[in-house]
Amino acid sequence: MKEFEAIYDKDPYIRSFEATVLSCEKTKKGYEVELSDTAFYPEGGGQPYDQGTINGIFVEEVHKKGDRILHLLKEPVETGIVVNGQIDWQRRFDFMQQHSGEHIVSGIIHGMFGYENVGFHMGKVIQIDFNGPLSWQDVEVIERKANQAITDNIPIEYLYPDAEELEQMPYRSKKELTGKVRVVRIQNIDLCACCGTHVAYTGEIGMIKILSCIKHKEGVRLEMVAGEKAFLYMQEIFNQNHAISVALSAKMNETSEAVKGLQKALVEKERMISILNEKYMNYKLDMFMESQRVIMSFEEEMDRNAMRKFANALVHEKYAHVGAVFSSHEDEYQYVLVSDSFDLRKIVKPLNERLNGRGGGNSEMIQGSFHSTQEEIEEAMHDVEKMV
């Protein structure tokens, strides 16, 4: 492996630097610029690239190709000149907090369960894949230990062991490494080969919040945030819970029980509505004569399930050839037509075309909506009656 000479490796806190332009090559995406040294971290190891400017020109991407670190710019810079580089510090420090937080969580899980980190991606949240199962109770313990490590403000050290030392060192790594290797150590927490940027002390991470733990392949995938992202996430959760507590007139630490109470009341309300709908339907059924070709009923704001039940009752209890229920909703009528003796597919398309509607179904039931008046619907159904 190449010697670790880049500025970002020697000191990730350096925000500006000067370097000589070694090359500037035009590509389809822009200009790839190589410098004599750089503080821009290239994408790699699950960590995204840094951004910033070189001589005021925005650095869009940074990638490592072999031993070269290439900076993608939209404009060229002259080869051989000394340029000034400026790091987008907010982006860089966010990555430092996230990456160091990931090391803490991965190190704790490795220490507690012996699992390996087999996948790592840093985006809006951090995703980490482990090759073993975890329960949510395990996650709560891990999170508590991770935040204790932040409170302890442990120094994060970089070690460069020789081949013999590396052979004896119980470090984490996804692959076998040789040559010059950098190992990141958080005392009593983690020992891991890594080329990413990190904070100097764990206290700078601020906080860690694990968001989810789901089964993934033979193990689990955790999602987490750290640093300012964790703070902003918790602030958002607090604000949402505060709004819920106000709406439910409940204390913020009692919103869950208040929601359960609301759900119970809703179930009871739906039960009472079902009973009333049943009584209403029986009352309406008594109003219709039996054995009519088409029985129509116009309702207001009746839900689709009740409409289907009512239309079926018109057919099977009042012996209508076609039971048709229409319910007004804002500027349209929803419809349900049921029959056990007439193929309704014959009329669904003509009705939709005539009444500016949409919908479909099968031979025994069609449903949809019409953008027409009650008078227009009644006139169309009288024509259907002649066909039944």
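So in the working numbering, spot 79 of the sequence shown is number 91, and the numbers just go up one at a time.
Note that CB positions come from ideal geometry on N, CA and C, so glycine has one too.
Open item on the list: Let's test the definition: count the other Cβ atoms within 10 Å of the Cβ of Phe29 and tell me whether it reaches 16, buried, or not, exposed.
Closed with: buried
Open item on the list: Starting from Gln386, trace the alpha helix (DSSP H) in both directions and tell me its first and last residue.
Closed with: 386-399
Open item on the list: Suppose the cutoff is 7 Å on Cβ atoms and the five residues either side in sequence are ignored; what does the same chain contact list for Ile19 look like?
Closed with: The residues are Ile26, Phe29, Asp49, Thr50, Ala51.
Open item on the list: What would DSSP say about Met13, mapped onto helix, strand or coil?
Closed with: Only weak support exists for where Met13 lies, its pLDDT of 34 falling under 50; the value from the coordinates is given anyway. If DSSP states are grouped into helix, strand and coil, Met13 belongs with coil.
TODO: Kindly list the residues whose CB is nearer than 7 Å to the CB of Trp101, restricted to its own chain and excluding five residues on each side of it in sequence; keep chain order.
DONE: Arg27
Task: C-alpha gap between Thr214 and Leu274, whole angstroms - done: 43 Å
TODO: Output the distance between the C-alpha atoms of Leu84 and Glu365, rounded to the nearest integer angstrom.
DONE: CA-to-CA, the gap between Leu84 and Glu365 works out to about 58 Å.
Task: Contact under 8 Å by Cβ, Ile378 with Leu356 - done: yes
Task: Continuous alpha helix (DSSP H) assignments of at least 4 residues falling wholly in the region 315-371 - done: 316-328, 357-366
TODO: Compute the Euclidean distance between the alpha carbons of Tyr53 and Thr209, then round it to the nearest angstrom.
DONE: 8 Å
Task: Per-residue burial, Ile384 [other beta carbons within 10 Å of its own, 16 or more giving buried] - done: Note that residue 384 is Ser in the sequence shown, not Ile. Around the CB of Ser384, 16 or more other CB atoms lie within 10 Å, so the residue is classed as buried.
Task: Distance between Glu216 and Gly239 (C-alpha atoms, nearest Å) - done: 8 Å
Open item on the list: Would Cys415 and His133 be called neighbours here (beta carbons separated by less than 8 Å)?
Closed with: Look at the range of the chain in this structure, 13 to 400, and you will see that residue 415 is not part of it.
- [ ] Report yes if the CB atom of Asn324 is closer than 8 Å to the CB atom of Val350, and no otherwise.
- [x] yes
TODO: Spatial neighbours of Glu329 within its chain, please: CB distance less than 7 Å, with the 5 preceding and 5 following residues excluded, ordered by chain position.
DONE: Leu297
Task: Whole-angstrom distance between Val258 and Val195, CA atom to CA atom - done: 50 Å
Open item on the list: From the DSSP secondary-structure annotation, give me the bridge partner or partners of Val94.
Closed with: Thr32
- [ ] Quick one: grab the DSSP three-state call for Asn289.
- [x] helix
Open item on the list: By the DSSP assignment, the alpha helix (DSSP H) with Glu55 in it spans what residues?
Closed with: That residue, Glu55, is in no alpha helix (DSSP H); it is neither H nor E in DSSP.
Task: Best match in Gln304, Ser340, Glu312 for proximity to His394 [C-alpha to C-alpha] - done: Gln304
TODO: Please go through the same chain and pick out, in chain order, the residues whose beta-carbon is closer than 6 Å to the beta-carbon of Arg104, but skip the five residues on each side of it.
DONE: Asp62
Open item on the list: Taking 8 Å as the limit between beta carbons, can you name the residues of its chain near Ile93, skipping five residues before and five after?
Closed with: So the list reads Thr32, Val33, once near-sequence residues are dropped.
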